[in-house]
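**Q** For the working numbering, count along the sequence shown from 1 and bump the result up by 1466. Just so it is clear, CB atoms sit at the ideal spot from N, CA and C, and this is done for glycine as well. Note that the structure is a prediction, hence the values are computed from the model and not measured. I'd like to ask some things about the structure below.
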Amino acid sequence: MAADAVSDEAWMQLALDLARSAETVGEVPVGAVIVQDGQIIGTGANAPIASHDPTAHAEIQALRSAGQGVKNYRFSGSTMYVTLEPCPMCAGALVNARVARLVYGAADLRVGAAGTVFDIVRAAEVNHRLDVTTGVLESECRELLQVFFRARRD
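Below, the structure written as structure tokens:
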């Protein structure tokens, strides 16, 4: 399938499906998909609780999945689709992995590291910068998180 045959919204919908799968097992609903040359090379859903691993965010899980699939730790020319703006840890991992583009749904007003609070992915001080597209399926991504956290507070 050609890279331009599938829209950002379609890839983000896959990330939302992964986020919903995380929610069904009690994890914060965040999902991520890495696409390179029009093909999915990695996927991830939030799993820190189940894995007893504070680094098991959806983005890290997707990077690990991609690394195993393509047998490399660098993903030049790839795009990461994630339902929530990456935190500083995940943003740093995207820079280190040489992901070319980041597309996220909902901004993270607490620790967003792709322009909302910090801007690690475009910082002049780092040796690789990502192109960033924000707000893809934003309302769906934000609502999924809001419903999840509202249920936890009730």
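#1: Check this for me: beta carbons of A1528 and I1500, under 8 Å apart or not?
#2: What residue does the alpha helix (DSSP H) around T1521 start on, and which one ends it?
#3: Do D1597 and R1567 have their C-beta atoms closer together than 8 Å?
#4: Closest Cβ-Cβ distance between V1569 and chain C: below 8 Å?
#5: Where DSSP assigns a beta bridge to R1567, which residues make up the other side?
#6: In this structure, does DSSP put G1508 in helix, strand or coil?
#7: Can you check whether the CB of A1563 is closer than 8 Å to the CB of R1588?
#8: Quick check on A1469: buried or exposed, where buried means 16 or more other Cβ atoms within 10 Å of its Cβ?
#9: Quick one: Cα of T1509 to Cα of V1536, how far?
#10: I think L1560 touches E1525, with their Cβ atoms under 8 Å apart; what is that distance to the nearest whole Å?
#11: Taking the continuous alpha helix (DSSP H) assigned at G1578, which residues delimit it?
#12: Grab me the residues of E1475's own chain with a C-beta within less than 8 Å of its C-beta, minus the 5 sequence neighbours each way, in chain order.
#13: Can you name, in chain order, every residue of its own chain whose Cβ lies under 8 Å from the Cβ of V1489, other than the five neighbours on each side?
**A** A quick look at the data gives this:
#1: yes
#2: Here T1521 belongs to no alpha helix (DSSP H), and DSSP marks it neither H nor E.
#3: yes
#4: This model lacks chain C altogether; it includes just one protein chain.
#5: Beta-bridge pairing links R1567 to T1545, D1597.
#6: strand
#7: At the C-beta level, R1588 and A1563 stay beyond 8 Å of one another.
#8: Summary for A1469: the model assigns pLDDT 45, below 50, so the residue's position carries little reliability, and this model does not support an answer.
#9: 13 Å
#10: 7 Å
#11: Element bounds for G1578: n/a, residue is neither H nor E.
#12: V1602, L1603
#13: The residue you asked about is not Val; residue 1489 is Glu in the sequence shown. For E1489, where only same-chain residues beyond five positions count, the Cβ hits under 8 Å are P1495, L1610, F1614.
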